[in-house]
Amino acid sequence: VPRKMIQQLAHKSEEPLHPEQERAVHSTEGPLLILAGAGSGKTRVMTARAAHLIQEKGVDSRSLMMVTFTTKAAEEMKHRLRGQLSPAQLNGLITGTFHSIFFKILLHERPGEWDPQRLLKQDWLKLKLLRESGVLAQMDPPVTSEAELSQALSIISRWKNEYLLPEHLSIRPLDTAEEQSALALYPLYEEAKQRGRWFDFDDMLIGCYQLLRTDETVRNRYQSRIRYLMIDEFQDINRVQYETVKLFAAPENNLCVIGDDDQSIYAFRGSNPQYILGFSNDFPTAQTITLEVNYRSRPSIVGLGYSLIGNNQARHAKKLKSFHGEDGENYLFYPDDEEEQASRIVDEITHQLAHGASADQMAILFRTHESARPVVERLWEAKIPFAFTGEEEPFYRKQAVRWGLGYLRLAKNPDDADALRDVLPTLYIAQSQWNAIRSQAILDDVPLAHVLPRLPGLKSFQKTQLKAFLAILDEVPKLTPAQALEFIYEDGKLRDYVKKKNKERPEQESQAATDDLQQLYGAAKRHETIDSFLHFVTQQLNRDRSGARQNAEPSVQVMSIHRAKGLEFDTVFLLDLVEGSLPHEYALDELRRGKRDAIEEERRLMYVAITRARHQLFVGIPQERFGRKTRVSRFIKEMAGL
Ligand code: ATP
Ligand code: MG
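Heads up: the sequence shown is residues 91 to 732, going by the UniProt record's numbering.
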């Protein structure tokens with residue numbers, strides 16, 4: 091741990107607690123609800139409470155369980171505790187995320203049943219299992235496209251978190267066609283997993299819940315061990331987690347739950363703020379403590395968050411005022427497009443670093459992953475250390491991007507077999523013709539790309555496309571990479587292919603392809619020659635593989651708003667405050683259909699984002715994004731109280 095951080099921390103915990111915070115620390119017995127706005131010291135109270143129980147009340151640390159929501163928050167909590175308690179005092183304390191704690195218990199209690207190697211960590215692993223196990227053949231109605239399967243899997247995951255098992259669902263009317271597909275897939279997915287003894291994250295929660303519910307010996311053991319239970323970010327708890335928590339907490343119910351319903355942002359995973367709002371109904375003896383001072387942010391930042399969130403209807407109104415008297419400035423800026431937005435942010439970061447700011451006190455936050463690429467690339471070029479943990483597929487490996495890059499590569503080297511394989515579908519040539527191409531090329535002694543028109547039995551639409559393809563090979567080497575991509579898209583008829591694909595596939599998928607190609611164009615504009623652009627792409631792919639910078643030097647944090655929950659930074663840069671990005675297109679669609687839930691969740695996300703900043707907030711509003719004119723996010727007006 092860098093020395094500076096320890097000093098900062100020591101300094102912070104010297105600040106006296108507010109009387110209400112103090113009261114929360116000392117109310118150790120019975121159920122307790124701390125419901126308060128962002129930055130009001132909820133998490134600080136939670137650690138102070140643990141320290142109080144262990145140091146002042148002599149409680150054995152083994153009988154404390156402290157749950158947080160993200161791995162990052164759990165690390166932060168352990169870090170804060172280590173600042174206050176000795177290793178001996180912390181020994182045996184149960185702390186971590188729900189998933190990590192529940193899984194440890196399962197491994198401990200049922201060692202033979204759970205093999206950590208068989209965890210399906212990502213969606214693509216689930217898809218692979220579905221394909222390889224052969225269960226998809228039994229699906230009725232059949233679903234085959236990757237996008238539809240992913241969507242069905244995410245609905246299944248939400249159901250599991252709500253403890254809706256297949257047998258519960260078959261007697262319940264379903265809302266949409268997507269839910270119908272998900273229900274058809276659900277038992278098959280469970281079967282495929284069980285057969286191979288695979289499991290996913292949701293199974294960890296369900297497994298632990300069922301273990302405690304059905305095994306009285308285990309339940310009694312944990313109930314008598316765990317005497318004090320504290321849960322941070324309680325607004326995002328789901329049903330399975332809540333039911334399990336109640337089992338752990340009984341019979342004493344020294345259960346302290348902490349949260350802010352305005353920061354509930356995981357509804358898509360089955361989280362439900364009703365549990366925090368209804369806590370006093372479930373535990374009628376619960377005390378409620380509210381905290382009304384924000385210690386984190388300057389007054390104007392608190393003000394922006396407060397006026398924004400006031401636009402939500404479904405919420406528990408609270409007071410929140412800033413502790414700080416002195417104010418700083420916040421900035422809205424209007425770059426031409428996403429590339430310029432990235433350059434301006436990196437210029438500002440460079441400037442601040444030169445004036446003594448610490449890189450790890452700066453965060454760049456985004457709503458969706460496609461916002462991240464330009465800033466990550468500019469940071470990399472400027473040699474500024476940054477940490478970016480994207481779980482998405484690297485940009486330059488996405489399908490539509492590979493088409494664009496494939497043409498560029500072939501123009502440079504018509505014998506590039508990988509590139510040719512990438513673009514074959516866009517020429518309406520089936521993979522089965524691939525071998526024919528290879529042997530023909532060898533026979534005729536010409537580069538792979540040039541042999542395509544000689545293939546036997548070509549249909550007229552294939553011939554048209556191939557003519558355009560040969561034009562690409564001729565023209566593109568003379569152009570800049572941006573001109574080349576334009577040529578490929580228009581004259582090379584890639585646009586026609588993307589559009590045709592439109593009709594067969596869901597609307598969204600083709601829009602995504604067009605956006606990806608537009609982004610590729612944006613990235614290409616920064617390079618003079620195709621060679622330098624392709625070289626840059628290779629470097630970026632290698633960087634992605636190595637997982638950005640892993641070393642301990644302080645680094646700028648690039649992350650999604652979802653992951654930033656509970657964290658704080660001196661300076662926060664918010665990307666793409668335009669309609670369709672934040673709020674997300676999905677929420678706008680829902681709103682058009684008269685449903686407000688999604689837009690309110692987007693507003694809560696925006697609220698979480700704003701309230702991460704201590705001193706300074708920069709909000710980017712690009713005039714164009716992915717080559718299209720944008721509209722300023724409605725949240726900007728709402729923040730300004732217009
Ligand atoms: P969030 O809702 O974002 O999770 P929170 O309510 O958990 O926020 P904390 O992270 O605990 O808030 O605290 C916000 C900041 O305020 C931290 O830097 C913390 O050290 C500081 N802080 C908390 N209480 C006090 C206090 N009484 N005096 C001075 N600083 C405080
Ligand atoms: Mg917190």
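For each residue, glycine too, the CB sits at the ideal point set by N, CA and C.
Cβ-based burial, residue i [other Cβ within 10 Å; buried from 16]
| i | result |
| --- | --- |
| Asn310 | exposed |
| Ala444 | exposed |
| residue 63 | Residue numbering for the chain in the displayed model covers 91 to 732; residue 63 lies beyond these limits and cannot be assessed. |
| Ser636 | Confidence is the limiting factor: at Ser636 the pLDDT is only 45, short of 50, which leaves the residue's position unreliable, though a coordinate-based value still follows. Ser636 should be labelled exposed. |
| Asp426 | exposed |
| Asp687 | exposed |
| Arg682 | exposed |
| Asn251 | buried |
| His414 | buried |
| Ala603 | buried |
| Gln145 | exposed |
| Tyr579 | buried |
| Glu460 | buried |
| Lys655 | buried |
| residue 733 | Limits of the chain in this structure are 91 at one end and 732 at the other, which puts residue 733 out of reach. |
| Phe716 | buried |
| Asp326 | buried |
Residue i versus residue j - alpha carbon distance
| i | j | result |
| --- | --- | --- |
| Ala472 | Ala274 | 50 angstroms |
| Glu438 | Asn503 | 40 angstroms |
| Glu483 | Ala178 | 43 angstroms |
| Ala477 | Asp322 | 25 angstroms |
| Arg487 | Asp506 | 17 angstroms |
| Gln706 | Ala561 | 52 angstroms |
| Phe725 | Asp372 | 35 angstroms |
| Glu690 | Asn402 | 6 angstroms |
| Ala128 | Pro106 | 19 angstroms |
| Gly368 | His406 | 11 angstroms |
| Gly131 | Tyr385 | 7 angstroms |
| Asn490 | Ala432 | In the sequence on display, residue 490 carries Ala and not Asn. When rounded, the distance between both Cα atoms is 23 angstroms. |
| Phe324 | Gly186 | 14 angstroms |
| Asp450 | Asp290 | 32 angstroms |
| Ile527 | Leu510 | 10 angstroms |
| Asp679 | Leu337 | 40 angstroms |
| Thr479 | Val436 | 18 angstroms |
| Ala357 | Arg329 | 12 angstroms |
| Leu302 | Glu342 | 16 angstroms |
| Val728 | Leu398 | A small correction: the amino acid at residue 728 is Glu; Val does not occupy that position in the sequence shown. Answer to the nearest angstrom: the Cα atoms are 5 angstroms apart. |
| Ala520 | Ile532 | 19 angstroms |
| Ala141 | Ala282 | 46 angstroms |
| Asn362 | Gly349 | 12 angstroms |
| Glu416 | Arg616 | 41 angstroms |
| Glu306 | Thr458 | 44 angstroms |
| Leu517 | Phe559 | 8 angstroms |
| Asp586 | Met696 | 37 angstroms |
| Pro567 | Trp214 | 36 angstroms |
| Trp470 | Gln555 | 38 angstroms |
| Ser550 | Lys218 | 36 angstroms |
| Leu422 | Val466 | 21 angstroms |
| Ile389 | Tyr396 | For the record, residue 389 in the displayed sequence is Pro; it is not Ile. Those two C-alpha atoms are separated by around 10 angstroms. |
| Pro543 | Ala501 | 16 angstroms |
| Glu428 | Glu714 | 7 angstroms |
| Ser448 | Thr266 | 49 angstroms |
| Glu669 | Asp606 | 18 angstroms |
| Gln442 | Arg134 | 28 angstroms |
| Glu236 | Thr118 | 50 angstroms |
Distance between beta carbons of residue j and residue i, contact taken as under 8 angstroms
| i | j | result |
| --- | --- | --- |
| Ala272 | Ile246 | 5 angstroms |
| Leu197 | Trp204 | 6 angstroms |
| Lys408 | Val383 | At roughly 11 angstroms, the Cβ-Cβ gap does not stay under 8 angstroms, so Lys408 and Val383 are not in contact. |
| Ala699 | Ile651 | 5 angstroms |
| Leu538 | Val627 | The Cβ separation is near 21 angstroms, so there is no contact. |
| Asp512 | Trp493 | 6 angstroms |
| Pro475 | Ser645 | 4 angstroms |
Stretch pair the segment 655-674 + the segment 374-384: three plus CB contacts closer than 8 angstroms: no
The segment 153-167 touching the segment 182-194, judged by at least three CB pairs closer than 8 angstroms: yes
Around the ligand MG, Cβ to any heavy atom closer than 7 angstroms, ordered along the chain: Lys132, Thr133, Asp322, Glu323 and Gly656
Touching by the beta-carbon criterion (3+ pairs, under 8 angstroms), the segment 216-232 and the segment 274-285: yes
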